[in-house]
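Visitor: Under my numbering, think of the first position of the sequence shown as 380, with each following residue one higher.
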Amino acid sequence: MDLLAKFKSALPITYTEEYKLKEGERTVVQIPIHLIKANPYQPRRNFDADTIAQLSESIKKYGVIQPVTVRKLSQDQYELIAGERRLRACSLAGMLKVPAIVTNLDDNDSAVVALIENIQRENLSFMEEAEAYRNLLCNHGFTQDVLAKHLGKTQSSVANKVRLLKLPAVVREIIKDNMLTERHARALLRLEDESRQLKALARITDENLNVQQTDELIDDMLSQRPKKKSDTKSGSEKRGLKDVRIFVNTVRHAVDVMKKNGIDALAEENEFEEYYEYIIHIPKNAQ
380 MDLLAKFKSA LPITYTEEYK LKEGERTVVQ IPIHLIKANP YQPRRNFDAD
430 TIAQLSESIK KYGVIQPVTV RKLSQDQYEL IAGERRLRAC SLAGMLKVPA
480 IVTNLDDNDS AVVALIENIQ RENLSFMEEA EAYRNLLCNH GFTQDVLAKH
530 LGKTQSSVAN KVRLLKLPAV VREIIKDNML TERHARALLR LEDESRQLKA
580 LARITDENLN VQQTDELIDD MLSQRPKKKS DTKSGSEKRG LKDVRIFVNT
630 VRHAVDVMKK NGIDALAEEN EFEEYYEYII HIPKNAQ
């Protein structure tokens, strides 16, 4: 059985589906809750107490509609693969046993199935998802290409998600506490140091900036040079400086376009107190 087939067979099923299975296939069994230990690869870090309590009340009334999934570690020890919210809710409801499907997965398979199950249920925050990706890449021997295929995503989407973890821990915590979006986080990556990221976050949270406004704020921050004591430029002069930089960036972009199209252009850039100097060498035989 290939890895993808293992994933599909390990994901939980409903009782209705279970009744349709052939004899001997993925039987639901009752396992004492105290024999099931948490999955060390569980990507979800935060469990809302109110939603667990609501699920617990539902289980008291209607029972467990969907079994949890576990793997057997020893004769009297199991490890949870999928269904931690259900397991917690069952325990809160006073149940001693929980319906479960026992599957045979190794550490790598268990880690990926736990991630897939949470993603499919949309229970993970984007930062938790990024941390789960990093765990699989660093500790379980996955490449970004292989992981992307298992998750049904592109390699670039996996790379972009992991890149969010370049943000300092304090910045990630503020993002989570203020329920900012992944696009807010991506915008902050454009700032090169923690102090400027925190400064931007203060504005974003105080003024409740949306993503477009956040991008504009960071554009402004990136266009600013540190002020000197002798800097007495007026507002119009500062706006003019910003406009000049737009033209400078246009020149840089033109050189990059030439290089990407096979023209071996050489650019020399110098900045003087009163002006920028650009010297560009373009081969005469360039086509």
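Ideal Cβ placement from N, Cα and C applies to all residues, glycine included. The structure presented is a predicted model; accordingly, all values stated were derived computationally and were not measured.
So, is ILE658 buried or exposed, given that buried needs 16 or more other C-beta atoms within 10 angstroms?
Guide: exposed
Visitor: Going by DSSP, what residue range makes up the beta strand (DSSP E) through ILE480?
Guide: 476-482
Visitor: Could you give the residue range of the alpha helix (DSSP H) that holds SER574?
Guide: 573-585
Visitor: Would you report the Cα separation of GLU561 and ASN587, rounded to the nearest angstrom?
Guide: 15 Å
Visitor: Which residues share a DSSP beta bridge with LYS416?
Guide: GLU458
Visitor: Does DSSP put LYS387 in a helix, a strand or coil?
Guide: The predicted position of LYS387 is uncertain, since its pLDDT is 44 and thus under 50; a value taken from the coordinates is nonetheless stated next. The answer is helix: DSSP assigns LYS387 an H, G or I state.
Visitor: Among the residues of its own chain, which have a CB less than 8 Å from the CB of MET600, if the five just before and after it don't count?
Guide: LEU570, ARG575, LYS578 and ALA579
Visitor: Please determine if the segment 505-518 and the segment 537-553 are in contact, where contact requires at least 3 C-beta pairs separated by less than 8 Å.
Guide: Segments in contact, yes.
Visitor: I need the straight-line Cα distance from VAL449 to ALA548, nearest angstrom please.
Guide: 32 Å
Visitor: Name the two residues that bound the continuous alpha helix (DSSP H) containing VAL550.
Guide: 548-556
Visitor: With a threshold of 16 other CB atoms inside 10 Å of the CB of ARG631, please say whether the residue is buried or exposed.
Guide: exposed
Visitor: Using C-beta distances below 8 Å, list every residue in its chain close to ARG513, excluding the 5 sequence neighbours before and after it, in chain order.
Guide: VAL541 and LEU544
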